[in-house]
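Everything on this sheet refers to the single structure shown next.
What follows is the structure, given as structure tokens:
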């Protein structure tokens, strides 16, 4: 290693010495050239150039190359003239450029052009550097902000996770607590059901004893029987019935229910099946501009009430008799009072309104439902009104005390219709949960549940005799039920595939009219389940009913037209 270092040092010394020798040779050559130039000027003779040592190939500038060449050639005067002209022209060109910068094209030395290019590139690099510096600063600020947000959200997530774990623990504790109470709740529920059954049995025994006494009294005094029946129908002075709510001074009493009190049984005759060809469209009324949701017939007169989405109801006796407006949303149903002097309407504004024809205005507004009301029905005594709603409840209103006496909760979906069985205290409801329920209106107890529909039920009604119930659903399936055997439908009719919106029995109970969404009114023979149809609507039929004699069918639909089939 020391030998190598010594060799390298010797080589470097030799290079330094050769460089010094080259410089000394060039200086000696320059002095000899100057002496030769002086002697040639004096003698005007061209001397023979002495032999010179040629230096290594070193790049030179153009002017230095020319000077060296002229010096070696001994052309001293040419060298002086070249230097004078070279520096003079360069100075003149620089002066002209400074004095007249806007003149024509002039020569720019390569070094200057290269310097300007480098300066422009340097400026560009500086601008890019400044821009990148600003972007780096902005990115740094964004990074800091995102890190802060990350820390904040991480903290929030930890808090939410802790709350979740705490809630899960509380839920598990509450679940265990509830499971510990379930046996007690079942025991209390069994006691409650037993008490209700005992109460209903006592009420039925009272009714049976009262009916027996009435029968004995009727055997002794036929005239008294007739007067007493009429008084029971049209008077509110009846024996007190049991109520599940706190009694008030103005509360009405439920009348006793008995098949002997039903004067409509005389109308149930052996009416024969009428062919649909016997019905023809006798009249068509443009009743409303918007769809008609429900129609109802006066209990004694040929007066028809219609409720529409245009927020109004109308009475029709060919021509129009009366109209009323007061609801703030579409009307969904209407029902006549048993005496025919009042009309109840339901609406999408969740209200139930009672209208008095003699006053021509709304006399009572019942508010209690939290969602749109779909329909209503009067008790045969006229003192009670039942309503159903999309809030999954049905309510029983006392019109004398103007309050809700009962709220029936059993259905798990919207309750779509309510109907009192004729001259009884039984209330029939149907729901979108695919079931029907029979209620004792005095006690608020569900006495029977009808299972059989596979789709949401839209409407249910009973015959005038009160022994047969018909219901329809959203796929056009119609079920006929025996009230005494609710476990299984006694007949099923498919009028689909579109929905059946409403059903109505003829007075004899032999024929069933169905309002279908396909624009047809279907007539079903109850005994044989033969189906026929009447066409006349341009849109879905929403409501249908028979007249008092069963000779006329009235229908109304989404086209706003009332059709009368006679």
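Numbering (our numbering), first residue to last: 3 to 568.
Even for Gly, the Cβ is constructed at its ideal location relative to N, Cα and C.
Owing to the predicted nature of the structure, the values given are computational and were not obtained by experimental measurement.
Exercise for review: Indicate whether the contact test is met: 3 or more Cβ pairs, each with one atom in the stretch 415-424 and one in the stretch 362-382, closer than 8 Å.
Suggested key: yes
Point to revise | Own chain residues within Cβ distance below 8 Å of residue 567, not counting five before or after | key: 281, 282, 283, 284, 523, 536, 538, 554, 555, 556, 557
Review point. Helix or strand or just coil, what does DSSP make of residue 344?
Key: strand
Review point. Roughly how many angstroms separate the alpha carbons of residue 304 and residue 364, rounded to a whole number?
Key: 23 Å
**Study point:** Buried or exposed (CB count within 10 angstroms, at least 16 for buried), residue 507
**Key:** buried
Review point. In three-state DSSP terms, what is residue 90?
Key: helix
Practice item. Ignore the nearest five residues each way along the sequence and tell me which others in residue 494's own chain have a CB closer than 6 Å to its CB. Key: 481
Check your understanding: Of all the options 516, 520, 521, which has the alpha carbon lying nearest to the alpha carbon of residue 527?
Key -> 516
Review point. Among residues of its own chain, excluding the 5 on either side of residue 422, which ones have a beta-carbon nearer than 6 Å to its beta-carbon?
Key: 379, 381, 429
Practice item. Can you have a look at residue 142 and say buried or exposed, based on whether 16 or more other CB atoms are within 10 angstroms of its CB? Key: exposed
Review point. Can we say the stretch 403-414 touches the stretch 453-472, given the rule of at least three CB pairs closer than 8 Å?
Key: no
Exercise for review: Run the CB neighbour count on residue 466, radius 10 Å, all protein chains shown included, and call it buried at 16 or more, exposed below.
Suggested key: buried
Exercise for review: Please determine, among 546, 407, 485, 474, the residue with the shortest C-alpha to C-alpha distance to residue 424.
Suggested key: 485
Check your understanding: What's the gap between the Cα of residue 113 and the Cα of residue 150?
Key -> 54 Å
Point to revise | Range covered by the alpha helix (DSSP H) that runs through residue 401 | key: Counting along the chain, residue 401 falls outside any alpha helix (DSSP H), and DSSP gives it neither H nor E.
Review point. Quick one: what does DSSP say residue 291 is sitting in, helix, strand or coil?
Key: coil
Review point. To the nearest angstrom, how far is it from the Cα of residue 136 to the Cα of residue 152?
Key: 24 Å
Check your understanding: When you compare only the Cα positions, how much space is there between residue 541 and residue 405?
Key -> 39 Å
Practice item. Report the option in 460, 159, 359 whose CA atom is closest to the CA atom of residue 341. Key: 359
Check your understanding: With distances taken from CA atoms, which of 513, 512, 474 is nearest residue 503?
Key -> 474
Check your understanding: In chain order, what residues of the same chain lie with their CB nearer than 7 Å to the CB of residue 208, ignoring the 5 residues before and after it?
Key -> none
Review point. What is the rounded straight-line gap between the Cα of residue 77 and the Cα of residue 68?
Key: 11 Å
Point to revise | Among 487, 533, 488, nearest to residue 497 - alpha-carbon criterion | key: 533
Review point. On the three-state DSSP scale, how would you describe residue 445?
Key: coil
Practice item. In the DSSP assignment, find the unbroken alpha helix (DSSP H) run with residue 65 in it and report its ends. Key: 64-75
**Study point:** Range of the contiguous beta strand (DSSP E) that encloses residue 531
**Key:** Per DSSP, residue 531 belongs to no beta strand (DSSP E) and is neither H nor E.
Review point. Between residue 334 and residue 352, is the Cβ-Cβ spacing less than 8 Å?
Key: no
Point to revise | Bridge partner(s) assigned by DSSP for residue 355 | key: 347, 367
Exercise for review: May I ask you to report which of helix, strand or coil DSSP gives residue 197?
Suggested key: helix
Review point. What first and last residue would you give for the beta strand (DSSP E) that runs through residue 461?
Key: 459-464
Practice item. Indicate the three-state DSSP secondary structure (helix, strand or coil) for residue 492 in the structure shown. Key: coil
Practice item. Following the continuous beta strand (DSSP E) through residue 432, name the residue where it begins and the one where it ends. Key: 428-433
Exercise for review: Could you check the C-alpha separation between residue 337 and residue 187 for me, to the nearest Å?
Suggested key: 40 Å
Check your understanding: Between which two residues does the beta strand (DSSP E) harbouring residue 546 extend?
Key -> 543-548
Exercise for review: Within its chain, find whatever has a CB closer than 6 Å to the CB of residue 324; leave out the 5 residues flanking it on each side and keep chain order.
Suggested key: 317
Check your understanding: In its own chain, which residues sit with a C-beta less than 8 Å from the C-beta of residue 437, not counting the 5 before and 5 after it?
Key -> 413, 451, 452, 453, 455, 459
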